[in-house]
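Trainee:
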Amino acid sequence: MSNTQLNGEDFISWLDFERDEIDAILEAAHDLKRRQIRGEKQTNVLPAKSLFMLFYNTSLRTRNSFEAGMTQLGGHAHFLQPGAVYTPALEGEEEAYSTERVSDVARVLSEMGDAISIRIYGDKTDWQYGKGYKILQEFASWGSVPIINMEDDGYHPCQALADVMTMQEKMGKDLSGKKFTMSWAYSGSVEKPLSVPQSAVISAATMGMDVTLAHPEGLDLDSDVLDATEKRAKKHGGDFEIVHDMEEGFADADVVYPKSWTLQPTDGSTADLDKAREVFEDNKDWITTRDKMALTNDAYYMHCLPADRGMEVTDEVIDGPNSVVFQEAGNRLHAQKGLLSLLLS
Ligand code: CP
Numbered sequence: 045m046s047n048t049q050l051n052g053e054d055f056i057s058w059l060d061f062e063r064d065e066i067d068a069i070l071e072a073a074h075d076l077k078r079r080q081i082r083g084e085k086q087t088n089v090l091p092a093k094s095l096f097m098l099f100y101n102t103s104l105r106t107r108n109s110f111e112a113g114m115t116q117l118g119g120h121a122h123f124l125q126p127g128a129v130y131t132p133a134l135e136g137e138e139e140a141y142s143t144e145r146v147s148d149v150a151r152v153l154s155e156m157g158d159a160i161s162i163r164i165y166g167d168k169t170d171w172q173y174g175k176g177y178k179i180l181q182e183f184a185s186w187g188s189v190p191i192i193n194m195e196d197d198g199y200h201p202c203q204a205l206a207d208v209m210t211m212q213e214k215m216g217k218d219l220s221g222k223k224f225t226m227s228w229a230y231s232g233s234v235e236k237p238l239s240v241p242q243s244a245v246i247s248a249a250t251m252g253m254d255v256t257l258a259h260p261e262g263l264d265l266d267s268d269v270l271d272a273t274e275k276r277a278k279k280h281g282g283d284f285e286i287v288h289d290m291e292e293g294f295a296d297a298d299v300v301y302p303k304s305w306t307l308q309p310t311d312g313s314t315a316d317l318d319k320a321r322e323v324f325e326d327n328k329d330w331i332t333t334r335d336k337m338a339l340t341n342d343a344y345y346m347h348c349l350p351a352d353r354g355m356e357v358t359d360e361v362i363d364g365p366n367s368v369v370f371q372e373a374g375n376r377l378h379a380q381k382g383l384l385s386l387l388l389s
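Numbering (my numbering), first residue to last: 45 to 389.
Following this line, the structure appears as structure tokens:
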């Protein structure tokens, strides 16, 4: 895979990419991280390039890792907040002089810069699964520069790059045969999209890991994503299973990734957040504790952050010796630099 083959591509879901393309992005990420540690200047990688970042939702890691990454590569990232700029809206959902049709925004920004990245999910899509993804696809069909998904209602592909990069640093480049458990976890907030768990199972399956998805009955992920994960697992020599018991999911795992997600219908209808609250309160015991970690194969504890301490996980686990969450967060920077260097070079 040469760099030019990814130049100009959109990055919306791992399902659009084959393993060799993902490997190329990860290799670039590891290389740029090594070069940064050696103190090498990287401002010649994307000199004077501009990334426009549209954040419908809040962010700590995603915003700052893209912004710092573009600066380190010699370019610049612009933070754009819908409402402060005319809010990009789909045809039929426009309001005069407060929104601007996505097709127009995409073409305007394409005239000025080199890539557009977008975060949109949850209340910004009225909790209608697929609407965020649709807006990203609309940007992609009208924009003439790469469109990068900074998290929509179905996928968080940049988080998945950082997750895999972190696992490779801990366990070696070849992750095949390692047991990866993506587990639901309780939270005091039900406003959590399906994006992280869906991208996590897809990416672990792409890397040939043995993937276990653990969640209480009813908190299913998108069946299309589950089918795609099953296919990827088979293709890359791993397994995929679903269990409904957190302890069963943790048994003998090499990596655990316990994270909350909401009760979200995936047929496009609006999520019932009151019903989600009832389901969440029935499953408060889905918290990662030291006792549950003792069931694993001395597993690494991962989380995309922010984590809900005392709800998703105890302090002693997230601050304990098996937690890699801060390395994982730091790798958002390096993974996205690898991605940007290939898409924009
Ligand atoms: N993990 C993640 O996407 O963090 P932010 O919401 O802070 O960007």
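From the three backbone atoms N, C-alpha and C, an ideal C-beta is built for every residue, glycine too.
Apart from the five residues on each side of it in sequence, which residues of its chain come closer than 6 Å, Cβ to Cβ, to PRO348?
Mentor: Rather than Pro, the amino acid found at residue 348 in this sequence is Cys. Correct list, in chain order: GLN203 and VAL240.
Trainee: Within its chain, find whatever has a CB closer than 8 Å to the CB of GLN86; leave out the 5 residues flanking it on each side and keep chain order.
Mentor: So the list reads LEU76, ARG79, GLN80, GLN116, LEU117, GLY118 and LYS381, once near-sequence residues are dropped.
Trainee: Let's test the definition: count the other Cβ atoms within 10 Å of the Cβ of THR48 and tell me whether it reaches 16, buried, or not, exposed.
Mentor: Confidence at THR48 is low in this model, with a pLDDT of 46, below 50, so its placement is unreliable and the value that follows should be read with caution. With fewer than 16 Cβ atoms within 10 Å of its Cβ, THR48 is classed as exposed.
Trainee: For MET45, which three-state DSSP category applies?
Mentor: With a pLDDT of only 41 at MET45, under the threshold of 50, the placement of this residue in the model should not be trusted, and no figure is reported.
Trainee: Tell me the DSSP secondary structure of ASP158 in three-state form.
Mentor: Residue state, collapsed to three classes: coil.
Trainee: Ordered along the chain, which non-local residues of its own chain (more than five positions away) have a Cβ less than 7 Å from that of VAL361?
Mentor: Taken in chain order, the residues that qualify are THR332, THR333, ARG334, MET337, TYR345 and SER367.
Trainee: Can you check the region 266 to 290 for any alpha helix (DSSP H) of at least 4 residues that lies completely inside it and give the ranges in chain order?
Mentor: With a minimum length of 4 residues, the continuous alpha helix (DSSP H) runs that stay inside the region 266 to 290 are 267 to 279.
Trainee: Would you give the residue range spanned by the alpha helix (DSSP H) that ARG63 belongs to?
Mentor: Here the alpha helix (DSSP H) through ARG63 covers 63 to 81.
Trainee: Helix or strand or just coil, what does DSSP make of ASP254?
Mentor: ASP254: strand per DSSP, three-state reduction.
Trainee: Going by CA-CA distance only, name the one from TRP58, ARG276, LEU257 and GLU155 that's closest to GLY187.
Mentor: Cα-wise, what sits closest to GLY187 is GLU155.
Trainee: Using beta-carbon positions only, say whether SER227 and LEU265 come within less than 9 Å of one another.
Mentor: Not in contact: SER227 and LEU265 (Cβ atoms no closer than 9 Å).
Trainee: Which residues are close to the ligand CP, meaning CB closer than 6 Å to any heavy atom, in chain order?
Mentor: Per the Cβ criterion, the list is SER103, LEU104, ARG105, THR106, GLU195, GLN203, CYS348 and LEU349.
Trainee: Can you have a look at MET194 and say buried or exposed, based on whether 16 or more other CB atoms are within 10 angstroms of its CB?
Mentor: It counts as buried.
Trainee: Rounding to the nearest angstrom, what Cα-Cα distance links SER385 and LEU377 in this structure?
Mentor: Roughly 12 Å separates the two Cα atoms.
Trainee: Among LYS328, HIS200, MET253 and VAL189, which has the Cα closest to the Cα of SER57?
Mentor: Among LYS328, HIS200, MET253 and VAL189, the Cα nearest to that of SER57 is on HIS200.
Trainee: Could you give the DSSP three-state label for VAL234: helix, strand or coil?
Mentor: Looking at VAL234 - three-state DSSP - the assignment turns out to be coil, as it is neither helix nor strand.
Trainee: Distance, Cα to Cα, THR169 vs SER147?
Mentor: Approximately 18 Å, taken between the alpha carbons.
Trainee: Output the distance between the C-alpha atoms of PRO260 and ASN327, rounded to the nearest integer angstrom.
Mentor: Each residue's alpha carbon lies about 7 Å from the other.
Trainee: In the structure shown, what three-state DSSP assignment does VAL300 receive?
Mentor: It is a strand residue.
Trainee: Which first and last residues belong to the alpha helix (DSSP H) in which PRO132 is found?
Mentor: Careful: PRO132 lies outside any alpha helix (DSSP H), inside the beta strand (DSSP E) at 131 to 133.
Trainee: Let's test the definition: count the other Cβ atoms within 10 Å of the Cβ of GLN390 and tell me whether it reaches 16, buried, or not, exposed.
Mentor: This structure gives no information on residue 390, because the portion of the chain shown stretches from 45 to 389.
Trainee: Is the number of C-beta pairs between the region 229 to 246 and the region 294 to 309 that are closer than 8 Å three or more?
Mentor: The region 229 to 246 vs the region 294 to 309: in contact.
Trainee: For GLY157, tell me which candidate among LYS93, GLU135, LEU98 and ILE164 has the shortest Cα-Cα distance.
Mentor: With distances taken between Cα atoms, GLY157 lies closest to LYS93.
Trainee: For SER313, which of GLY174, LEU134, PHE61 and GLU62 has the nearest alpha-carbon?
Mentor: With distances taken between Cα atoms, SER313 lies closest to GLY174.
Trainee: Find out if the Cβ-Cβ distance for the pair THR340, ALA295 is shorter than 9 Å.
Mentor: Yes, these two residues count as a Cβ contact at 9 Å.
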